[in-house]
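Taking this note's numbering, the leading residue of the sequence shown gets 139, the next gets one more, and so forth.
We put the beta carbon where it would ideally sit given N, CA and C, even for glycine.
Structure first, then comments.
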Amino acid sequence: FATDLIKTTLAVAASDTDTSFTVSDDEGLADNDYIGIELDSGVIFWTTINGAPAANVVTVDDALTGDAAIGNKVFSYTSKAPRPLEITHGSVQVQDDSETFLKKDAREDYLDYANKAAVGTPIAFHYNPLRTDGELYLYPTTNNETQYINFSIQIPVEIVQAAAKDLDFPEEWYLPLSWCLAQQLYIEYGITDQITVTKIEKEADKWYDSIKNWDQEDASIFFEPDDE
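As C-alpha cells, this is what we get:
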C-alpha cells in the first residue's frame with residue numbers, strides 16, 4: 139500500500155536468479171525503493187533496489203525467483219502509506235490503464251456475499267480500520283497480479299512532538315489551529331478572566347468556521363427524491 143507508484147516494463151527478458159535487469163525507463167527509480175517485477179508465472183516478485191539505476195539497468199537486493207519476459211510489468215514505489223482512517227473512493231486499474239469504479243460496501247453488505255473466495259476483476263471493497271493495521275476486502279478477489287487499486291484515503295494527522303517538526307496542515311490552517319489550541323489550553327493554565335476567555339472562544343470559533351467553510355471541495359452536489 140503506497141503513496142506513489144511508478145510503472146515501467148522490462149526491455150530485456152530476465153531469468154531466474156538474476157539480480158539485475160533492464161527496464162524501458164528508469165526515471166523515478168531510486169536506491170532502496172521497493173520494486174515489483176511481473177514474472178511469467180503471473181506472480182509479482184517484490185524486492186528493493188540496490189544502488190541508483192543507470193542506463194535503465196536496475197540492480198536489486200534479491201535474486202528473481204522466476205523468468206520474466208520482455209514487456210512484463212514493473213512497479214516501484216518509495217514510501218508505504220500510513221494506515222488509512224477511511225477509504226473514501228476506489229477504482230481498479232487494469233493493464234491498458236483503464237479504470238473501473240469500485241463500489242464501497244458497508245460491512246454488512248460485504249458479509250452478504252455468498253462466495254467471498256470468488257475470483258475475478260474486483261467490483262467492490264470494504265475497509266475495516268483497525269488500530270494497528272487496517273483490513274481491506276475486495277470482491278471478487280483479483281486473479282490478475284498486474285491489476286492495482288487506486289484509493290482516495292483519509293490518514294491520521296501526524297503528532298508533532300518537537301518544535302522543529304512541521305505541522306501536518308497547510309499554512310492557511312495555522313491561525314485557526316493556534317486559536318483552537320488556546321481554546322483547549324486556557325482551562326489547563328487556569329485562565330479565569332472572563333474577558334480573555336470570551337475573546338479566545340470567539341476567535342477560535344470564528345477562525346475555525348472560516349477555514350472549515352473555505353476548505354471544501356469545489357464540486358457540484360446533486361439531489362433526487364427517493365422513490366421507495
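Beta-carbon contacts of glutamate 310 that lie in its chain and below 7 Å, excluding the five residues immediately before and after: Ile349
Whole-number beta carbon distance between aspartate 171 and threonine 160, since they are thought to touch under 8 Å: Threonine 160 to aspartate 171, Cβ: 17 Å. No contact.
Whole-Å CB distance - isoleucine 173 paired with valine 195, under 8 Å assumed: With a Cβ gap of about 13 Å, isoleucine 173 and valine 195 do not count as contacting.
Residue environment, proline 314, which counts as buried when at least 16 other CB atoms sit within 10 Å: buried
Spatial distance of phenylalanine 213 from threonine 157 (CA atoms): Approximately 16 Å between the Cα atoms of the pair.
Distance, alanine 168 Cα to lysine 211 Cα: 17 Å
Sufficient close CB pairs (3 or more, under 8 Å) joining the segment 288–307 to the segment 222–232: Result yes; three or more Cβ-Cβ pairs closer than 8 Å.
Residues near alanine 255 in its chain [Cβ-Cβ closer than 6 Å; skip 5 each side]: none
Whether valine 230 touches proline 260 by CB criterion (7 Å): yes
Proximity below 7 Å, CB of leucine 282 to CB of valine 257: This sequence places asparagine at residue 282; leucine is not what is there. Going by C-beta atoms, asparagine 282 is not nearer than 7 Å to valine 257.
Nonlocal neighbours in the same chain, by C-beta distance under 8 Å from lysine 321, ignoring five residues either side: In the sequence as presented, lysine is not what sits at residue 321; that position holds glutamine. Beyond the five residues adjoining it in sequence on each side, glutamine 321 comes within less than 8 Å, by CB distance, of Ile338, Glu339, Ala342 in the same chain, given in chain order.
Cβ shell of tyrosine 324 (< 7 Å), same chain only, five flanking positions each side left out: By the criterion of a C-beta distance shorter than 7 Å, tyrosine 324 is surrounded in its chain by Val335, Ile338, once the five residues flanking it on both sides are discounted.
Contact set for aspartate 306: own chain, Cβ-Cβ below 7 Å, skip 5 residues either direction: Val295, Glu296
Residues that DSSP places opposite glutamate 237 in a beta bridge: Gln231
Whole-angstrom C-beta distance between glycine 204 and phenylalanine 183, which should lie under 8 Å: 7 Å
Reduced DSSP category for leucine 143 - H, G, I as helix; E, B as strand; rest coil: coil
Assigned secondary structure, tyrosine 265 (DSSP; H/G/I helix, E/B strand, else coil): strand
With 16 other Cβ atoms within 10 Å as the buried cut-off, status of glutamate 176: buried
Classification of leucine 202 by the beta-carbon crowding that lies within 10 angstroms, buried from 16 upward: buried
In DSSP terms, what phenylalanine 183 is bridged to: Partner(s): Ile175.
Which of helix, strand or coil DSSP assigns to tyrosine 291: A small correction: the amino acid at residue 291 is isoleucine; tyrosine does not occupy that position in the sequence shown. In this structure, isoleucine 291 counts as strand in the three-state DSSP scheme.
Proximity of proline 222 and glycine 272 at Cβ, strictly below 7 Å: Contact: yes.
Assigned exposure category for threonine 330 - 16 Cβ within 10 Å defines buried: exposed
Residue nearest to asparagine 266 in terms of C-alpha spacing, selected from Asp243, Thr279, Thr238, Asn253: Asp243
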